[in-house]
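Student: So that we are looking at the same thing, I have put the structure below in structure tokens.
Protein chains in written order, with this note's numbering: chain B, 2 to 326; chain G, -15 to 199.
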């Protein structure tokens, strides 16, 4: 059982001069090493929720715990140095080189020069920038995507266990954004960081998050895996929100066992076989590439437990059919 | 002209040094007052707007009027002159200090605090270098205008290059007017030039243009 990295206990936030709560009574536990996306429209309170974790905003009431400790009992600067922070506008220091930007916190932590230099190189490689080319550059000599890579490297400099990311890819073109998303998934799997990632993009939230928090009007509407949210939306708002998600993305989340039809187990059929966990996206791809009309679904003991047909998959992409399947 | 220079160069040098003394001392006091005020005001848009319009009104008072206004308090001489120069400088210096700190992109500040930098580190290593070009611009303009206004201070017996100018005018004696004009404009010109080169350096530093220029 993973430890709880961050826990929200009845956390609310009300900004001065407003009657409404930006965040109202949020309870949530984030386990260590998980990748959580927080999805919502603007004004849903998603950014406020994120920024209360590193105390950019202070909660009006309730408690936030960091590995069981009340964050107000921790020294603010030391606590923040244990948390990587990435924002949409990046906020690189324009008068410092890439190397100096990344090395800021290690330097404050009094690492020796050699260790810092090695760390900078390793981080640049991790975010797919060649250290030799980029170390000595200034932020204005980088493209938007490159700046955010450096922002990511800087946030990870002192090896924080937790990363807070506020729409980090929001201002980046679609192709670069896709690359960055895939690299972030790779980095998270490799380093097992706990990531809280705020986005308003449904596809991004479902692609990146192991679990997705859906926020609306300051409250959590649903906190579940992408699969759980698509198959069992908690309420009408969530159902409407996921309708805006594109079909291909939804198929990536859905698994074979959620739509398969029962078959006679004795049936011997030489059709292609897939596992119960196979995504419908992969099965659709198979149908499109091979002129086949159905596949068989097998469990991990290689017994056939169901089948999926082309007709059925066409139906399952339409909202509603999936849920009744 | 040249004979006047050769005959009285020591006196002229004394007046030049006196002028420099007036300018340097009033700039020093001005900065010690203006930078903390500017820093404090830059936290609030409302407060800085109110304070700047006040300094703006003060700045629009003609210098002779302000000199005579302060003579009852500080008497004739350098004290009054320095007080007036310091008051005038507040407008330019405070305005540029405020503008300098407010010009820094809010995301840089948020990222800095968010990653765990202390307020002291933020000020010395991030905010000050980034605000410096605009602050230096203010210092340059203030110094040049102080050199100009300080000549008028000769009227209230504060000394400086203004003595040459006003003596020359009163006696209708061209060499004095000529050298007074040349020396004070030369001083202003050179000062402007020197500060401009500091400013350019600070701009390059703040933008990250020190080395390699390829994008």
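For each residue, glycine too, the CB sits at the ideal point set by N, CA and C.
Since the structure is predicted, the reported quantities are computational estimates derived from the model, not experimental observations.
Mark residue 227(B) as exposed unless 16 or more other C-beta atoms lie within 10 angstroms of its C-beta, in which case mark it buried.
Tutor: buried
Student: Along the region 78 to 102 of chain B, where does the CB come closer than 9 Å to a CB of chain G? Name the residues.
Tutor: 78, 79, 80, 81, 82, 83, 84, 85, 86, 87, 88, 89, 90, 91, 92, 93, 94, 95, 96, 97, 98
Student: Can you tell me the Cα-Cα spacing of residue 97(B) and residue 51(B), whole angstroms?
Tutor: 27 Å
Student: Where do the ends of the alpha helix (DSSP H) carrying residue 144(G) lie?
Tutor: Counting along the chain, residue 144(G) falls outside any alpha helix (DSSP H), and DSSP gives it neither H nor E.
Student: Can you pull the chain B neighbours of residue 189(G), defined as C-beta to C-beta under 9 Å?
Tutor: 96
Student: From residue 116(B) to residue 276(B), what does the alpha carbon distance come to, in whole angstroms?
Tutor: 46 Å
Student: Taking 9 Å as the CB-CB cut-off, is residue 139(B) touching chain G?
Tutor: yes
Student: Flag this pair as touching only if the region 123 to 132 of chain B and the region 142 to 160 of chain B have three or more C-beta atom pairs under 8 Å; answer yes or no.
Tutor: yes
Student: Output, in chain order, the set of chain B residues within a Cβ distance shorter than 7 Å of residue 94(G).
Tutor: 57, 88, 92
Student: Which whole-angstrom value describes the C-beta separation of residue 274(G) and residue 128(G), a residue pair presumed to lie in contact below a C-beta threshold of 8 Å?
Tutor: The structure shown does not extend to residue 274(G), since chain G spans only -15 to 199, so no value can be given for it.
Student: With H, G and I counted as helix, E and B as strand and the rest as coil, what does DSSP make of residue 219(G)?
Tutor: No statement about residue 219(G) is possible, as the shown extent of chain G runs from -15 to 199 and does not include it.
Student: If you reduce the DSSP assignment to three classes, tell me which class residue 234(B) lands in.
Tutor: coil
Student: Consult DSSP for residue 301(B) and reduce its assignment to one of helix, strand or coil.
Tutor: Coil, per DSSP.
Student: Based on Cα-Cα distance, which residue from 161(G), 58(G), 145(G), 186(G) lies nearest to residue 114(G)?
Tutor: 186(G)
Student: Pick from 68(G), 111(G), 124(G): whose alpha carbon is nearest that of residue 6(G)?
Tutor: Comparing Cα positions, the closest option is 68(G).
Student: With residue 170(G) as the anchor, note down where its alpha helix (DSSP H) starts and where it stops.
Tutor: Looking at the DSSP string, the run of the alpha helix (DSSP H) that includes residue 170(G) is 158 to 191.
Student: Runs of 4 residues minimum, wholly inside the region 195 to 264 of chain B: which ones carry the alpha helix (DSSP H) assignment?
Tutor: 203 to 209, 227 to 232, 237 to 244, 248 to 254
Student: Shorter than 9 Å from the beta carbon of residue 87(G) to some beta carbon of chain B?
Tutor: no
Student: Just checking my contact of residue 63(B) with residue 32(B) at CB under 8 Å: how many whole Å lie between their CB atoms?
Tutor: About 20 Å; that fails the 8 Å criterion.
Student: Determine, for residue 289(B), whether the minimum Cβ-Cβ distance to residues of chain G falls below 9 Å.
Tutor: no
Student: By the criterion of Cβ-Cβ separation under 8 Å, what are the contact partners of residue 117(B) in chain G?
Tutor: Residues of chain G passing the Cβ test: none, with the nearest at roughly 15 Å.
Student: Inspect the CB distances between the region 75 to 86 of chain B and the region 240 to 252 of chain B and report whether three or more fall short of 8 Å.
Tutor: No, the region 75 to 86 of chain B is not in contact with the region 240 to 252 of chain B.
Student: What is the DSSP secondary structure of residue 183(B), counted as helix, strand or coil?
Tutor: helix
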